[in-house]
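Student:
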Amino acid sequence: MFVMSMHSSKVKIICVIVIVALCLGGAVIFAVKKSERADSRFPVNLRGSTEVERMDFLRSCGIEVAQEPLEISEIIIPAEFDEVYKDYNEIQVSQGFDLSAYSGKRVKRWTYKVTNYPGYAENSDAIRANLLVYDGLIIGGDVCSVELNGFIHGFIKDGKNTQTSDLSSTLNASSSGSNTNNN
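Heads up, the working numbering is the position in the sequence shown plus 17, with the first residue counted as 1.
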């Protein structure tokens, strides 16, 4: 029979505690930095606290917008997704986001007029970019047409994340929260 006895001193115990604390601290820092890092499709980080950060993000996706947002709204991501939100979240997942992590959370939606969408005049009011921001980070969004039989797709139109439907108007109708118009 093999018996091992161990005598631990206070110094050894303190060293083990310090090592464990450093490992946990490193894991937390890594997780925070990873959540702030942009998906590889987006060349800038996902910070969206300021107007400059939101504009930089949209520009990094090739989207030019008017300087002032058309609307700033607070919406609540539903705790349980209906079919509309499931479809919308598929668009988000296709571009590296996932709104299911924010179920039940109140987020801000910034809506901008897009000025460089192919096939539309610069002064057209038909194309919008929506950014969803939670706790200063961009967590999702879309580019959509507000025309009858319009479209909605992710920030980078690549065919994989394009939906041709009136999903954007349905989403606007099903979102709850208070709206604050900036006009």
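Note that beta-carbon positions come from the ideal geometry of N, C-alpha and C, so glycine has one too.
Which residues mark the beginning and the end of the beta strand (DSSP E) in which N147 is found?
Tutor: Residue numbering aside, residue 147 sits at position 130 when the sequence shown is read from its first letter. Here the beta strand (DSSP E) through N147 covers 144-151.
Student: Closest to C161 by CA distance: which of L148, I155, V69 is it?
Tutor: On the sequence shown, position 144 is the one that residue 161 refers to. Among L148, I155, V69, the Cα nearest to that of C161 is on L148.
Student: How about R145 and K130: do their beta carbons lie closer than 8 Å?
Tutor: Your numbering for residue 145 matches position 128 in the sequence shown. Your numbering for residue 130 matches position 113 in the sequence shown. For R145 and K130, yes; Cβs fall inside 8 Å.
Student: Going by the CB atoms, is the gap between Y105 and Y151 shorter than 8 Å?
Tutor: What you label residue 151 is simply residue 134 of the sequence shown in a count that begins at 1. What you label residue 105 is simply residue 88 of the sequence shown in a count that begins at 1. Contact flag unset, no.
Student: Expressed to the nearest angstrom, what Euclidean distance is found between the alpha-carbon atoms of V110 and I31?
Tutor: For the purposes of this step, residue 110 is taken as the residue at position 93 of the sequence shown. For the purposes of this step, residue 31 is taken as the residue at position 14 of the sequence shown. C-alpha separation (whole angstroms): 44 Å.
Student: Between the alpha carbons of Y137 and G153, how many angstroms are there, rounded?
Tutor: In the sequence shown, counting from the first residue as 1, residue 137 sits at position 120. In the sequence shown, counting from the first residue as 1, residue 153 sits at position 136. Straight-line Cα distance between these residues: approximately 31 Å.
Student: For the region 161-174 and the region 73-82, state whether three or more C-beta atom pairs, one from each stretch, are separated by less than 8 Å.
Tutor: Taking 8 Å as the limit for Cβ pairs, the verdict is that the region 73-82 does touch the region 161-174.
Student: With a threshold of 16 other CB atoms inside 10 Å of the CB of D142, please say whether the residue is buried or exposed.
Tutor: Within the sequence shown, the letter at position 125 stands for residue 142. With fewer than 16 Cβ atoms within 10 Å of its Cβ, D142 is classed as exposed.
Student: When the Cα of F114 is compared with those of G167, I156, E91, which residue comes out closest?
Tutor: Sequence index remark: in the sequence shown, residue 114 carries index 97 (1-based). The candidate whose alpha carbon is nearest that of F114 is I156.
Student: Mind pulling the alpha helix (DSSP H) runs of 4 or more residues that sit fully within the region 90-136?
Tutor: List check, alpha helix (DSSP H) in window: 100-111.
Student: Please classify E70: is it buried, with 16 or more other beta-carbons within 10 angstroms of its beta-carbon, or exposed?
Tutor: Position 53 of the sequence shown holds residue 70. Buried.
Student: In angstroms with no decimal places, state the Cα-to-Cα distance between V37 and K29.
Tutor: Counting from one through the sequence shown, the residue named residue 37 turns up at place 20. Counting from one through the sequence shown, the residue named residue 29 turns up at place 12. When rounded, the distance between both Cα atoms is 12 Å.
Student: Let me know the secondary structure DSSP gives G42 once reduced to three states.
Tutor: Indexing the sequence shown from 1 puts residue 42 at position 25. DSSP places G42 in helix when its eight states are reduced to three.
Student: If I92 and L116 are in contact, beta carbons under 8 Å, what's the gap, nearest whole angstrom?
Tutor: By 1-based counting over the sequence shown, the position of residue 92 is 75. By 1-based counting over the sequence shown, the position of residue 116 is 99. Not quite, the Cβ-Cβ distance comes to about 11 Å (not below 8 Å), so this is no contact.
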